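Contents: one structure, followed by commentary.
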Amino acid sequence: MTDTPTTSWHAIVLDCLKANNIKLVVYVPDRVLTPLIDALHKDDFFTVFACTREEEAIGVVTGAWMGGMRSAVLMQTSGFATLPNALASLVVPSQIPALMFISERGTLGEFNLGQAMVCKTMRPVLDSLGIENHTITRQDELEFILDRSMKQAFATQAPAAFILSPLLTGGKVFSK
Amino acid sequence: MSDSMTVKPAGLHNAKVMNRFALTQRLVAQLKHDEAVIGGIGNTNFDLWGAGQRPQNFYMLGSMGLTIPIALGVAIAQPDRHVVALEGDGSLLMELGCLATVAVQAPKNLTIVVWDNGVYQITGSQPTASQKTADLVAIARGSGLANSNWAADEDEFDRMFGKAIQGGGPTLIAARIDNQPGVGKTDRDPVQIRVNFMRGIGARK
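Residue numbers (this note's numbering), protein chains in the order written: chain W, 8 to 183; chain E, 88 to 292.
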């Protein structure tokens with residue numbers, strides 16, 4: 008391959024967060040997101056920490072927004088499945104621009120049936136709650152989608168979900 | 088198995104059973120520096136509403152268990168403002184992991200108040216795990232919140248809360264409370280509640 012990108016998907020995500028003054032990032036960890044999480048921890052611009060559950064992270068993000076600080080949540084597909092109540096009873100009715108980065112499991116080579124099943128619930132849940140969501144498969148579209156969507160989220164006070172496809176991140180690869 | 092065989096949390100033995108609305112009023116009376124208060128779902132925020140609608144109050148209408156995470160977010164965003172989370176036993180039991188997260192982040196400007204009546208009061212007073220067995224203060228200490236204590240009576244609650252909001256936290260204060268229903272009736276308008284709160288804490292003009 009001669010067209011290997013000179014930068015990485017996670018460097019673009021970090022740059023977009025910084026460019027949009029998103030200083031707080033909370034997460035429940037994920038193998039695919041590890042290079043992004045590591046880079047965020049190393050950058051003094053960001054306050055970064057793990058929460059014990061994704062809904063806890065949604066609470067932190069809600070409080071931070073109300074206090075005047077922009078923030079984002081990182082999680083994997085199965086983690087998103089724990090969120091409908093927090094989204095339906097807090098984020099959506101209160102109009103909180105919660106930004107959710109979801110690494111996509113359950114498709115394109117998944118070995119775990121549970122992940123494959125829960126993946127099928129993700130977009131229907133987002134759509135039924137009216138939450139703007141983008142599945143990002145191409146690195147050349149990543150900055151455009153993130154930057155525009157972050158600005159839209161803050162301007163319209165609406166949550167947004169970025170589903171990071173294995174086509175973008177490489178996904179989780181299993182040896183057997 | 089008889090009740091006498093039930094292990095009672097040691098910390099509960101000497102704590103007086105108090106009234107949530109009375110304690111909420113005493114707590115609010117101590118707020119002199121526009122402290123933010125996050126009122127948990129149900130009777131906790133009904134009593135906060137009843138104690139006077141400060142612009143710095145946020146009233147939760149759903150998302151059971153997220154009072155302390157929301158308060159943590161406000162505390163991180165505004166380190167110069169003290170933030171108080173009011174949470175019930177049932178709600179806290181739903182989201183115990185947040186205590187460990189607060190302990191790791193250790194915000195100096197966060198005070199957690201737990202109202203423990205041992206029941207899911209608003210759904211028909213079914214027993215919670217804290218009624219006879221779980222000691223929420225011991226759980227908080229075990230989560231890393233060393234400054235967690237039961238308030239023995241109203242006067243001690245006042246002293247503990249007054250000290251906690253000076254900063255140096257995080258602090259958790261737990262109070263045994265009776266089964267009296269909430270006094271106020273929170274307006275069910277989430278956007279208005281959020282905007283009032285954001286203006287009250289200077290995040291919105």
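The beta carbon of each residue, even a glycine, is placed where N, CA and C say it ideally should be. Since the structure is predicted, the reported quantities are computational estimates derived from the model, not experimental observations.
Secondary structure note for Ser235(E): its beta strand (DSSP E) is the uninterrupted segment 235 to 237. For Phe169(W), the beta-bridge partners assigned by DSSP are Phe108(W), His141(W).
Judged by DSSP in its simplified three-state form, Phe151(W) adopts helix. DSSP places Thr154(E) inside the alpha helix (DSSP H), whose first and last residues are 154 to 164. Around the CB of Val191(E), fewer than 16 other CB atoms lie within 10 Å, so the residue is classed as exposed. For Glu174(E), the enclosing beta strand (DSSP E) has its first and last residue at 170 to 175. Residue pairing of Trp202(E) in beta bridges, as defined by DSSP: Gly175(E), Ala262(E).
Inter-residue distance for Asp154(W) and Asn130(E) is about 41 Å (C-alpha atoms, whole angstroms). Around the beta carbon of Asp222(E), a 10 Å sphere encloses 16 or more other beta carbons of the protein chains shown; the residue is thus reported as buried. Just measuring C-alpha positions, the residue of Gly126(E), Gly149(E), Gly205(E) sitting nearest Glu174(E) is Gly126(E).
Annotation for Ser135(W): the continuous alpha helix (DSSP H) segment containing it runs 120 to 135.
Proximity of chain E to Leu133(W) at the Cβ level (cut-off 9 Å) is not reached, the minimal Cβ distance being about 18 Å.
Comparing C-alpha distances from Gly269(E) to each of Leu259(E), Met247(E), Asn204(E) shows the shortest one belongs to Asn204(E). In terms of beta-carbon proximity, Ser150(E) lines the interface with chain W, with at least one pair separated by less than 8 Å. Take the alpha-carbon of Lys250(E) and the one of Phe244(E): they are about 10 Å apart. With a contact defined as Cβ atoms closer than 8 Å, Ile143(W) and Leu175(W) qualify at about 5 Å. In this structure, Met73(W) is the residue among Glu63(W), Met73(W), Glu62(W), Val125(W) with its C-alpha nearest to the C-alpha of Tyr146(E). The Cβ-Cβ distance between Ile109(W) and Gln83(W) falls below 8 Å. Only exposed fits Glu148(W), as fewer than 16 other CB atoms lie within 10 angstroms of its CB.
Judged by DSSP in its simplified three-state form, Ala79(W) adopts strand. With a threshold of 8 Å between beta carbons, Ala105(W) makes no contact with chain E.
Contact between Gln165(E) and Ile288(E) holds, with the beta-carbon distance rounding to 6 Å and staying under 8 Å. When rounded, the separation of the alpha-carbon atoms in Ile226(E) and Gly70(W) is 24 Å. In terms of Cβ geometry, Ala239(E) and Ala102(E) form a close pair [threshold 8 Å].
Within the DSSP secondary-structure output, Thr54(W) pairs in a beta bridge with Leu31(W).
Looking only at His17(W), Pro173(W), Ser156(W), the smallest Cα-Cα distance to Ala167(W) is reached by Ser156(W). For a cut-off of 8 Å, the C-beta gap from Ala26(W) to Pro104(W) is around 16 Å, too long to register as a contact. Beta-bridge analysis with DSSP links Ile125(E) to Phe145(E), Ala172(E). Chain order gives the chain E residues near Phe56(W) as Thr188, Val191, Gln192, where near means a beta carbon separation below 8 Å. In the three-state scheme derived from DSSP, where H, G and I count as helix and E and B as strand, Gln213(E) is classed as strand. A Cβ-Cβ distance of about 7 Å is found for the pair Ile65(W) and Leu97(W), placing them in contact under the 8 Å criterion.
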